[in-house]
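Counted the way my numbering counts, the sequence shown spans residues -15 to 1210. Glycine included, C-beta positions come from ideal geometry on N, C-alpha and C. Read the structure below first, then the notes.
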Amino acid sequence: MQKPHTGSKVNSNCRIKTNQRLTVTSQAYRHSPSPRPVPAPQLIIGQSMKRREHPPKTTKNLIMNGECNGKTSSPPNDIRNDGDSKKSQGPTVGGCPVMSRSSAQQGPTVGGCPVMSKSSAQHQQFVKIQNFSSGKQYVDTLHQKRETTVTCSEQRCFGSMMFPEKASTDPRPKEVVLSHAVDFINEYYDHIKKRSSPLYEGRMKEVQESIEATGTYKLTEKELIFGAKMAWRNSARCIGRIQWSRLQVFDARNVSTASEMFQAIYSHIVYATNKGNIRSTMTVFPPRANGKDFRVWNNQLISYAGYAQPDGSIIGDPANVEFTEVCKSLGWKGAGGNFDVLPLVLSANGKEPEMFDLPLSAVLQVEFSHPSFDWFAALGLKWYALPAVSCLLLDIGGIEFTGAPFNGWYMVTEIGGRDLCDPQRYDMAKKIAQGMGLDTNSYASLWKDRALIEANLAVLYSFQKAGVTIADHHSMADSFLKHMDNEQRLRGGCPADWVWIVPPISGGITPVFHQEMLNYKLRPSFEYQADAWKIHSVKKKTEESPKHKMKGITFKKIAKAVSLSTAMMNNAMAKRIKATILYATETGKSEYFADRLYEVYKYAFNPRIMCMEEYDITDLENENLLLIVTSTFGNGNPPSNGESFYENLQELMLDEERSLMNLSMPKFAVFGLGSKAYVKFCAFAKDLDRILIRLGGERIFKVGEGDELGGQDVSFNNWTRDVFKKSLEEFCLEDDENYKEAVKMLTTEGQQWDKSNWRFVETNKKGIDVSEGLGTINKKTVSACKILSVENLQSEQSGRSTILVKMSTGGLDDMDYEPGDHLAIFPANEDSLVNRIITRTDLQGIQPDVVTKLEKQEMKTTLLGTVKSWKVENRLPQCSLRTALSRYLDITSPPTPDFLALLANFTDNEDEKKNLNTLAAGTSLYEDWKFEHHPNLAEILEEYSTVEIPASLLIAELPMLKPRYYSISSSPRMFPGEIHLTVAVVIYTTREGQGVEHNGVCSTWLSTRKQGDEVAAYTKSASTFHIPSNPSTPVVMIGPGTGIAPFRGFWQDRVHYLNDKQNNGKLSADWKLYFGCRRSDMDHIYKDEMQDALNGEALTDLFTAYSREPGQQKTYVQDMLIQSSSKFYNHIMNNDGHIFVCGDVSMASGVYKAFLQILEENGLTKEEAKTTMSNMLREHRYHEDIFGVTLRTDEVTRQLRENETNETSDTSQQLAFKTRINPAKK
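The following block contains the structure:
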């Protein structure tokens, strides 16, 4: 006798059973290929029948699964339904009290079962269920959402029947599809918490209109993934559902042929097997359409053949005798052994079946041995590692997917208890008992029980020895009760079929045995469907001869020879594994590195790349692989376009519901960019790494760190190579050629450019407004401010220049701000630089001042051959080359190694080519060259004069000109409609004063603006650097040099507050300002304004530190803090005061250390001081606004580089070629 399933489960032993018919049967099975008589079958799939040969008599029937269950257990004190607590329920029907209540008591019922009746919902508000071992009780309310009714009636209970009704093959009526669709769309948008959004309303309208027009609709990929996971979650017969949220779903709805189905299944098997570390996986093929199905004819993707012998015996797996005959009729010739892997039989879109042999290299099998019995291995037993059910129908939102193979991993009893020892399967119990020397002639010896235990021990031992995922039934039972507990808290119930949940051995000593369960059906769901070969046969016979009665199985023999190379298989696999690359950046460097990472991952994955602010956080649970490249802004903060992503992650950590769901998280790796000049080097990248781990993500490689002070490109290349190789291993995509081709993108060999594939086309349009163009590129609302005035704040004798820039915002709402916020300025490159570059450019037939659009030639392979077409490159708005170089492209930053490698393609001079390629290697040579010379593009093209750079390469490959951020130096209440900036004009000479003079792009540009000139800009909130809302809060402001910028806005706001008559002109809190500069007579900017604020009581104290004051010792702001240690401590610590620090990184670090010293001087230990600082940062009482590059930072940078340089290496000799750049000033 055979059972209808070969032991498959859905993850962690989910036993959703198939509907295979026995092939060696008597009258119960019409299509038996053998007349072998067998006893009445135990109809169960994947889980033991648990039918008692001699059921014990019970004095009271307990309610299990909402139906009658007749096993003994500690009886409850009451029967719990409808919230009642009654000692007696009155007469029962068939021993089932649920089915026996009178209609007057229960109200209308369906089939006599009030639990399954929607019409009784007003009475059946909940059902209590209990665990008789622990005494724990649940109240199930989820059953009120059930989709269908059970088949029980007042006369009989079908709770123990193994085969439910099969899904209909008839098309669903339009109104049924709509009803299911509405319920599902509501559930999905509830899950992502967007039910009240316009997105939901638009989607619902779209679905309804599609169903009305066509009778169906298409699920989005996210909806499909959610629905597949929910179908597993709702599977009442599965014990392993605690893993439901971690199911990996592959969307294969784009396939159209059986061959493509096979490639998808091969990929599924390789991915899910994962060298033994089994991953729960589902592949979904196109849905049923017009009665045409995509079917996997096998009940499992991997199973063993069963060969019926003339004497009635069976070699192999008796469960598969009938399907083996189907395969043979298609031309398959099995080897006739006990463990021959069956071929896959697939039919696409209702067409004839095609047969495919699975490569044995893809089928992981475990040979069995025993930890104590050496003879066990001689039995020659083995089993496949991947239990993948392939015959069920997936029902999501009214859409029926007839092909949706899925797998989890085995529970040991599935193989040891069922597959090997069931009498209708391999029937090995007696042989094992005999090997153990047990008396098999008497049941009293319990030889069956003992043999079963040893068989399971052998399976568990062998799987673990082979490193293949498997679970024991006790652990699974415990996890299921945990799942029930989670579901009760999340959904108010958990559908469960006790008959299928309790393991086939040791049932009474597992906790699920003592747990009442309520069985009901929810959608999305898995449904049984008729065997594909039976339906196909009927169809063909009906079409050919409707009057002719079918006799046996007849097929047109189809045996397509299909051989797919390993390379093709891996390529198919690669298309299915998605990788998402996210970046966050202020300068564009992270985006540049993310683009390079994307180029590498294209060789083995299906990657997408996007900015963090564009990412939908609800996608996170569906990701396979997440790669992050990010910089750190200020003192450990996220860049502006990474803030929303960071906030969303923090919200997820606080989401208790998400924690209970155990939602899946991707494998991930993070690369951070930063400067070691900052105390919190790469802090944001490290923070993301920490959060993703806490959320359940799996880090596949340590956080990469790229220091802009040196070696950033080398660090990134090394990290990319390592993380890419690890990714290939994690997703079973190892391919040496694939790896070699991919990492070429990190070398000069991978940097190629064919200018014939690019062309410029003149347009009749006028170039769009620059502010509009910048807004489009940066995805920001960029406004045009107008210059009111530009004033130099420093003495002419200073040798330095700091300017006060006043601009009008025109009252635009988009330019609203608060003191402490930043203004992003989009400058223009110097005209002289632009002209020098144009002079050295191959213009490719265009005029530099004519508006053009850039087009790229693409080639696609079709059935008609290779088709070429030109596609507009929309990286920049349509503009002239001059405008692009002036307003949109960065021409002042040193070219990247990749860009230098591209330049090397456009020179025939071997020396210049060699030098460029040497720099392009991105080693320490490049870093030293970049640091010493900081060359811009014009200087590079003049140095390597034989390079003829195409204009198309400039437009397509140069990085974008990024905005520069400045702290706003005004109060919107003191100066409504205006924004003021305090800007240090940057002019520096490379090579420690011996090289070329360079100007700061933005500061120099602003210094040359005239009244009425337009400045493209937008405001950026710095919410953690705002004035305390309570005006009585003590404040200390520390800002040397241009660090005074935001505090000018602070005291202006305070002056306005004092001048407001409603405030009575009084403030109860002290505001202290610490300012520093070089000399009082040259550099003390805003000196008069500070004094006025002090006189007007907007400031209560002003401390000034001069570092170059003649006749005085060097003094910095941190020195002044320590000098007033006691007063400073009392002012802040005893009054819950706030500290604001603004300036460059070295100053900020000095102030931080000074405050720690002050805390220690006032009685705190070193550890207490650190804790106090951490608390103040967390409570937003210690605020920092830290600059990027300043002249002082350059000093720190040089010192750090010198400290890290290997003193024994003489790089000057190695870099002899680098000094050729003309040292003459521009």
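With a CB to CB cut of under 6 Å and the five nearest residues on each side skipped, what residues in its chain are close to residue i?
| i | result |
| --- | --- |
| G318 | A289 and D324 |
| L548 | A caution first: L548 carries a pLDDT of 42, below 50, which makes its placement in the model too unreliable to give a value. |
| L604 | none |
| L647 | S229 and E605 |
| Q696 | G690 |
Apart from the five residues on each side of it in sequence, which residues of its chain come closer than 7 Å, Cβ to Cβ, to residue i?
| i | result |
| --- | --- |
| F210 | Y172 and H175 |
| A165 | V191, I195, Y201, G381 and G382 |
| K750 | V835 |
| N261 | T453 |
| N1047 | Y1041 |
| T494 | H457, H458, A461, V486 and P487 |
| E37 | Unreliable positioning characterises E37 in this predicted model, as indicated by a pLDDT of 35, which lies under 50. A coordinate reading is not provided. |
What residues in its chain sit with their C-beta under 8 Å from that of residue i, if we drop five residues either side in the sequence?
| i | result |
| --- | --- |
| A212 | L231, V233, M266, V268, L378, I380, A388, F390 and P508 |
| T793 | S767, C769, M799, G961, E962 and I963 |
So what does DSSP say about residue i, is it helix, strand or coil?
| i | result |
| --- | --- |
| V970 | coil |
| Q1096 | coil |
| T397 | helix |
| P803 | coil |
| I1106 | helix |
| W281 | coil |
| K178 | coil |
| A563 | strand |
| W854 | strand |
| H467 | helix |
| N1079 | helix |
Between residue i and residue j, is the Cβ-Cβ spacing less than 7 Å?
| i | j | result |
| --- | --- | --- |
| I612 | L566 | yes |
| E351 | K366 | yes |
| V707 | V654 | no |
| F464 | V496 | yes |
| P271 | F385 | yes |
| E1144 | A1138 | no |
| I1069 | L777 | yes |
| A1089 | V1101 | yes |
| G1211 | N440 | Any property of residue 1211 remains undetermined from this structure, which presents the chain solely from -15 to 1210. |
| P861 | T765 | no |
| I875 | N813 | yes |
| A215 | A480 | no |
| L610 | T564 | yes |
In terms of residues, what are the limits of the beta strand (DSSP E) holding residue i?
| i | result |
| --- | --- |
| T267 | T265 to V268 |
| L1167 | Before going on, a small fix: residue 1167 reads as His here, not Leu. Where H1167 is concerned, the enclosing beta strand (DSSP E) stretches over Y1166 to I1170. |
| S792 | T786 to S792 |
| G658 | K651 to G658 |
| V774 | S767 to N776 |
| Y1056 | Reading off the sequence, residue 1056 comes out as Lys, not Tyr. W1055 to C1061 is the span of the beta strand (DSSP E), which, as asked, contains K1056. |
| E500 | It is not in any beta strand (DSSP E) - E500 carries neither H nor E in the DSSP assignment. |
Tell me the residue span of the alpha helix (DSSP H) that contains residue i.
| i | result |
| --- | --- |
| D174 | K158 to H175 |
| R217 | E205 to R217 |
| N701 | Q696 to E714 |
| V663 | No alpha helix (DSSP H) holds V663; DSSP gives it neither H nor E. |
Is there a C-beta anywhere in chain D that falls below 7 Å from the one on residue i?
| i | result |
| --- | --- |
| D1103 | In the structure shown, chain D cannot be found, because there is only a single protein chain. |
**OP:** Decide yes or no for the touch test of the region 1057 to 1071 against the region 1016 to 1023: beta carbon pairs closer than 8 Å, at least 3 of them.
**Re:** yes
Original post:
Pairing CB atoms from the region 302 to 309 with CB atoms from the region 277 to 287, are three or more of them under 8 Å?
Top reply: yes
Original post:
Can we say the region 1124 to 1133 touches the region 1026 to 1044, given the rule of at least three CB pairs closer than 8 Å?
Top reply: yes
Original post:
Taking one C-beta from the region 331 to 347 and one from the region 430 to 449 each time, how about it: are there three or more such pairs within less than 8 Å?
Top reply: no
Original post:
Contact between the region 581 to 594 and the region 627 to 643: three or more CB pairs below 8 Å?
Top reply: no
Original post:
Would you call the region 423 to 433 and the region 349 to 364 in contact, with 3 or more CB pairs under 8 Å?
Top reply: no
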